[in-house]
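Chemist:
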Amino acid sequence: MQLPFAGAIDCDTHPAAPSIKSLLPYMTPYWRTQLVERSLHTVNFTFTSAKPNVPLSRRADWRAPLEEDANIVPTLRQELLDPFQLRFAICNVLHGSIALFHQDMAAAIISAVNDWTRDHLLASDPRLRASILVSPTDPAHAVSEIERLGEDKRFVQILLPVMGELPLGRRIYWPIFEAAQRLQLPICIHAGSLHRMATTGGGWPSHFVEDYIAQSAAFENVLVSLLAEGVFRKFDRLTFVLAESGVSWYPALLWRNDRMWRATRREVPWIERVPHEIINERVRLTLQPFDGPEDAAAMKRLIDHFDSDRVILFSTDYPHAHFDGLNALPDGLSDALIQRIAIDNPAETYTRLALAPQPAGASA
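Everything in the sequence shown is counted per my numbering, starting at 659 for the first residue and increasing by one.
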C-alpha cells in the first residue's frame, strides 16, 4: 500500500556509509597517519550486522554505488526523497567503527563519521536529518559527541546498537541517557550487534537467517532491561525508538511483562504502574521491516493489541528490501492510523522537526 499523501517522515534511512579515505580529512594528523600507515584507509569498515551483499540489505532497483560521496545525496533524492514525497528522512549511518576494541581509534573514526554526516548529508538537502553515532563501549566519548553535536538541530536522536556487552538498562550507560534527555534527543536502538557475544541465547548461529530472526529477541531483552533497571523512571522524559525491530513480537511482550510484574513487583518497586502503560508512553517502533500478517483483518487485530496508536513510526528502511515499488505501508491501515504513523507520531517523537522550515514542494 502506498502513502496516500505527501509529507511523511521516514524514521529509518540508510545512506551509504563513508569510506575511511573519505573520513581522513576529519581526523587529526596523528590518526590520519596511524590509519594510512596501517593500511586501514583501504579497509571497508562495514557494520557487520548490516551485510551489504545479502539480498535483504539492498533492493535490486536501489543498487546505487557505495561509498562515493558525490553520488550519495543525489541517489537519495532519486530513489527515496522525491518518489515518496517525504517531508524528512532521518539518516542512520551505521559504521563498523563502533565495534572496535581500540577505543581511541574508534572515537576518532566515530567523530569523523558524525562530522561527515553533517557536512555531506545534512548540508546537502533540507529534508535530511540524522542520528548522532556513538559506541556504547565508551560512554564518556558518547557523551562528548552528544554535547558537541547536540546543539545542531538537524541531529534528532542518538544511535546505539541493540546488542552490546551489557543490557542497555545497566547504569554504565546512564550518562548517555542523561545527556540525551538534557538535549531532548531520543535514543534510537537499532538492530545490530557489536559481536562481543553470541547473537542468540543458545550460542553462535551458523546462518545469517538465524541472526536476522534473533534480532527481535534482542529488542525484547532491551525493553525488559530498560524497564527492570529503572531507566524509564530515572529518565522520565526520554523516548526510545526501536529501529528494525519488527512489530509482531511487541503485543506479546507487553502482555508477558504485565503478567510477570504482578507476581514479581516486590523486587522492582520503582515500576509503579502496569508495564504496558509505561512502555507505550516511552517506546516507539519503526514500521519496516514489517513482519505482521498480510491479511487486512489480521493486521487490524495486531494493531489493536498494541493498545495504542502512537507506537509505530513510518520508515522505509531504505535501501533494504522489504517491499516493492512505493508500497511501504501494509494493507489494513485506516486513513487516521496512516496519518498518525506517517506524520503525527514522528513529529511528536522528534520535537526538533518542528523547528525546521517546510522544505519547498512538500506538504505536511
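By construction, the Cβ of each residue, glycine as well, lies at the ideal position given by its N, Cα and C atoms.
#1: Look up Gly754 in the DSSP assignment and say whether it is helix, strand or coil.
#2: In this structure, does DSSP put Ser1021 in helix, strand or coil?
#3: Hey, which unbroken runs of the beta strand (DSSP E) at 3 residues or more fall wholly within the stretch 802–829?
#4: Using only the alpha-carbon positions, how far apart do Arg891 and Arg696 sit?
#5: Check whether the stretch 974–989 touches the stretch 1001–1013, counting contact only when three or more Cβ pairs, one atom from each stretch, lie closer than 8 Å.
#6: Tell me which residue opens and which closes the beta strand (DSSP E) that Ser650 is part of.
#7: For Leu807, tell me which candidate among Glu823, Asp894, Arg787, Thr795 has the shortest Cα-Cα distance.
#8: What are the start and end residues of the beta strand (DSSP E) that includes Leu786?
#9: Suppose contacts are defined by Cβ-Cβ distances below 7 Å. Is Gln839 in contact with Asp796 by that definition?
#10: If we count the other Cβ atoms within 10 Å of its Cβ and call it buried at 16 or more, is Glu902 buried or exposed?
#11: Starting from Ala979, trace the alpha helix (DSSP H) in both directions and tell me its first and last residue.
#12: I'd like to know whether the C-beta atoms of Ser715 and His978 end up nearer to each other than 7 Å.
#13: Using the Cα positions of Leu682 and Glu823, report the straight-line distance between them to the nearest angstrom.
#14: From the DSSP output, which residues share a beta bridge with Cys846?
#15: Would DSSP call Ala628 helix, strand or coil?
#16: What's the C-alpha gap between Ile937 and Val694?
#17: From the beta carbon of His934, is the nearest beta carbon of chain D less than 7 Å away?
#18: What are the start and end residues of the alpha helix (DSSP H) that includes Arg959?
#19: According to DSSP, Ile937 sits in a beta bridge with which residue or residues?
Modeler: Concretely, from the data shown:
#1: For the purposes of this step, residue 754 is identified with residue 96 of the sequence shown, where counting begins at 1. Here Gly754 sits in helix by DSSP.
#2: In the sequence shown, counting from the first residue as 1, residue 1021 sits at position 363. Because Ser1021 carries a pLDDT of 40, less than 50, the predicted location of this residue cannot be relied on, and no value is offered for it.
#3: Runs of the beta strand (DSSP E) inside the stretch 802–829: 813–821.
#4: Within the sequence shown, residue 891 is the residue found at index 233, counting from 1. Within the sequence shown, residue 696 is the residue found at index 38, counting from 1. The alpha-carbon atoms of Arg891 and Arg696 are separated by roughly 46 Å.
#5: no
#6: Residue 650 cannot be examined here, being either before or after the span of the chain that is shown, 659 to 1022.
#7: As a position in the sequence shown, residue 807 is number 149, starting the count at 1. Among Glu823, Asp894, Arg787, Thr795, the Cα nearest to that of Leu807 belongs to Arg787.
#8: Here residue 786 refers to the residue found at position 128 when the sequence shown is read from its first residue. Segment 786–791, the beta strand (DSSP E) holding Leu786.
#9: By one-based count along the sequence shown, residue 839 stands at place 181. By one-based count along the sequence shown, residue 796 stands at place 138. No; because the gap between Cβ atoms is not below 7 Å, this pair is not in contact.
#10: Here residue 902 refers to the residue found at position 244 of the sequence shown. Residue burial is scored here from C-beta neighbours: Glu902 has at least 16 other C-beta atoms within 10 angstroms and is therefore classed as buried.
#11: To locate residue 979, count along the sequence shown from 1; it is residue 321. Looking at the DSSP string, Ala979 is not in any alpha helix (DSSP H), and its letter there is neither H nor E.
#12: Counting from 1 along the sequence shown, the entry for residue 715 is found at position 57. Counting from 1 along the sequence shown, the entry for residue 978 is found at position 320. Contact flag set, yes.
#13: Start at 1 with the first residue of the sequence shown, and residue 682 comes out as number 24. Start at 1 with the first residue of the sequence shown, and residue 823 comes out as number 165. Distance between the alpha carbons of Leu682 and Glu823: 29 Å.
#14: If you number the sequence shown from 1, residue 846 lands on position 188. For Cys846, which the question treats as bridged, DSSP gives the partners Leu817, Val899.
#15: Outside the displayed range of the chain (659 to 1022) lies residue 628, so it cannot be described from this structure.
#16: Within the sequence shown, residue 937 is the residue found at index 279, counting from 1. Within the sequence shown, residue 694 is the residue found at index 36, counting from 1. Computed Cα separation, rounded: 46 Å.
#17: Of the protein chains in this structure there is only one, and it is not chain D.
#18: For the purposes of this step, residue 959 is taken as residue 301 along the sequence shown, with counting starting at 1. Per DSSP, Arg959 belongs to the alpha helix (DSSP H) from 954–963.
#19: For this step, residue 937 is matched to residue 279 along the sequence shown. Answer is none; Ile937 lacks a bridge partner.
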